[in-house]
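Written out below as structure tokens is the structure these notes cover.
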Amino acid sequence: MSPAAPASAPDSATDQPDPHRPAGPLRIGNFSGFYGDRSDALREMLTGGELDVLTGDYLAELTMLILGRDRLKDPAAGYARTFLRQLEDCLGLAHARGVRIVANAGGLNPAGLADAVRRLAEQLGIPVRVAHVEGDDLTARHPGALAAHAYLGGFGIAACLRAGADIVVTGRVTDAALVTGPAAAHFGWAPTDYDRLAGAVVAGHVLECGTQATGGNYAFFNDGERDLRRPGFPLAEIHADGSSAIGKHPGTGGFVDTGTVTAQLLYETAGARYAGPDVTARLDTVRLTQEGPDWVRVDGVRGEAPPPTLKVGVNRLGGFRNEVVFVLTGLDIEAKAALVRAQLEPVLGKVAEARWTLVRTDRADAGTEEEASALLRLVVRDPRQEAVGRALSGAAVELALASYPGFHVLAPPGKGAPYGVFEAEYVPQDAVAHTAVLPDGRRVAVAPPSDSRPLTAVPEPGLPTPLPPGPVRRAPLGLVAGARSGDKGGDANVGVWVRSEDAWRWLAHEVTVERFRELIPESRDLPVTRHVLPGLRALNFVVEGLLGAGVASQHRFDPQAKALGEWLRARHLDIPEVLL
């Protein structure tokens, strides 16, 4: 085992072995996958079984925008207040069980949250040591931005834990850093222990979205008799070599198998190189093995030096947005839509952007009025609130007695609401003052990586031998393949995987970029990249620009592309009968 690398700090306290370090593997659980996740998960994880560390992930691109707007109203805000409510209920329990908590709930104000946790602990009479990580906030360097934050790695967290912190709160670190930090502190990993760090990154990526690793949002949820009404939260047993086992507490709902782990590995990733601030993990080296009910071993992960730059998420207010949904019922749906569009054309000519979408949910000779109705959705955007507010609302309402027969809307149009724009920028690693603020108040500068490697694509791996010709049947792709999709700024990714070698021999040759564009017509005019991951029997497609300026811009019906994979699975193509 490599010795712990000293941080660039005037004090050596952070270089000492972790005084809490137990023997054997590190057992890390997750109790939050997003801001708004199940509030009682912290108690459930603390009482469900043995743990060393619990992590909570609260931040996403949209969350940073929400917290930024909170901070505009109150400079003391900017963190996830629900974390405090969870601690109020469970801080004593965590202290009694010796479980340390690491969460990025600090958002835009980690120092403020750390102070709030100390006040809470004092009120409760619980002697806990609180530390935080800062330096990610680059908003001052981005005039006009609501929030601009660099994605930090795990060594600031590690420094806090080595100094004896019981609770560590951070701002914008990578989701996986919530796991790599505790693992580096526990095992004394150096910043150049790339394979070990990469293994922890993979474990962290599996844990970060909570119950998505235990059957939540899972493509094959309907297979077998599994209780998915309330999936348990995941945990990982991480070993000194970086390998891990993914599981959950006994008796909790859901399940863990190689499929649920594969799905989460593909979530919001792209190619074989999964870059982070501490290490670039090679997803094409991951080996998954079912070790028993609800336990999957993850090993073989290789790591490389991280890129020389850090990603910075920049959130800006993009303007104002409004929408109205017209309900069209019965006959002449297309003609009704054409009439209302023509009636609103004069006012829409004065806005920057107007988008109409006709959703044909109607059925002929329907047994209910709702089943006989289609939805015509109008979305408008403009830098001026008045252009999309009262001007549009008034024009739409005035049509109530003067438009198509059966005129009504799902809800009255509003005054127009602000929407956000997300941009990703990159800065040199050494341009960010990554700082660990220890429980005693000392500030420790965390050194940038001593080595780096520019991110490049790996050579395209060889494809398996195609299946021999045989009879085919027109059927949905989802009868053979699973999928999980998500967002990265304005881009969407769709990971597609199969569960047998024969299915992989077919999928790898059949679902090309060209076939993907046929199946997902929205992608036809956009750049689409296919990444092949044979070890996972998976393809990962990245569609650039599908989500416009990111989730906060509400560019499309499914602004985070959460269901894009399920749409793909529902598309029909010729599938060999031997696979069905």
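One rule links them: number in the numbering used here = place in the sequence shown (from 1) + 2. In this text, a Cβ means the ideal position worked out from N, Cα and C, and glycines have one as well.
Out of L53, P451 and Y81, the CA that lies nearest to the CA of Y37 is found in Y81.
The beta carbons of V316 and A147 sit closer together than 8 Å. At a Cβ-Cβ threshold of 8 Å, R284 and R304 count as neighbours. A Cβ-Cβ distance of about 5 Å is found for the pair A200 and V281, placing them in contact under the 8 Å criterion. Beta-bridge annotation (DSSP): P420 is paired with F322.
Within the stretch 358-431, complete alpha helix (DSSP H) segments of at least 4 residues are found at 387-390 and 392-399, given in chain order. According to the DSSP assignment, D301 belongs to the beta strand (DSSP E) that extends over W297 to D301.
Taken through DSSP and simplified to helix, strand or coil, W569 comes out as helix.
A Cβ-Cβ separation of about 13 Å leaves L209 out of contact with G183 under the 8 Å criterion. If you check the CB distance, R131 and G166 come in under 8 Å. Approximately 6 Å separates the beta-carbon atoms of E462 and V534; this is inside 8 Å, confirming the contact.
Cα atoms of H151 and T57: separation of roughly 20 Å, rounded to the nearest angstrom.
Taking a contact to require three or more Cβ pairs closer than 8 Å, the stretch 41-52 and the stretch 185-200 do not qualify as touching.
When secondary structure is reduced to three states using DSSP, A563 falls in the coil class, being assigned neither helix nor strand.
Distances from the alpha-carbon of N324 to those of E270, L380 and D296 put L380 closest.
Listed in chain order, the non-local C-beta contacts of A563 below 7 Å within the same chain comprise S487, G488, D489, A494, L548 and L549, local neighbours out to five positions each way being set aside. By the CB criterion at 8 Å, E306 and R198 fall outside the cutoff. Per DSSP, V203 has no beta bridge partner at all. Between I169 and V119, the beta carbon gap of about 6 Å places them in contact (Cβ cut-off 8 Å). Less than 8 Å separates the beta-carbon of V423 from that of A551. Beta-bridge partners assigned by DSSP to W499: G484 and A540. Pairing C92 with L48 gives a Cβ-Cβ distance under 8 Å. With respect to the 8 Å criterion, P471 and H511 are not classified as neighbours on the basis of their beta carbons. In the three-state scheme derived from DSSP, where H, G and I count as helix and E and B as strand, R121 is classed as helix. Take the alpha-carbon of T531 and the one of G273: they are about 9 Å apart. Sequence-distant Cβ neighbours of L401 in its own chain, meaning closer than 7 Å and more than five residues away, are V342, Q345 and F409.
Taking a C-beta distance under 8 Å as the contact criterion, T194 and S452 qualify as a contact pair. Considering only N542, H251 and H241, the residue with the shortest C-alpha distance to R232 is H251.
Excluding sequence positions up to five before and after Q387, its CB lies within less than 6 Å of the CB of F322 and G418, all in the same chain and listed in chain order. Taking 8 Å as the cut-off, the beta carbon of G497 is found no closer than this to the beta carbon of L333. Where L237 is concerned, the enclosing beta strand (DSSP E) starts and stops at P236 to I240. T331 and P348 have their C-alpha atoms spaced approximately 25 Å apart.
Boundaries cannot be given for G190, as no alpha helix (DSSP H) includes it and DSSP labels it neither H nor E.
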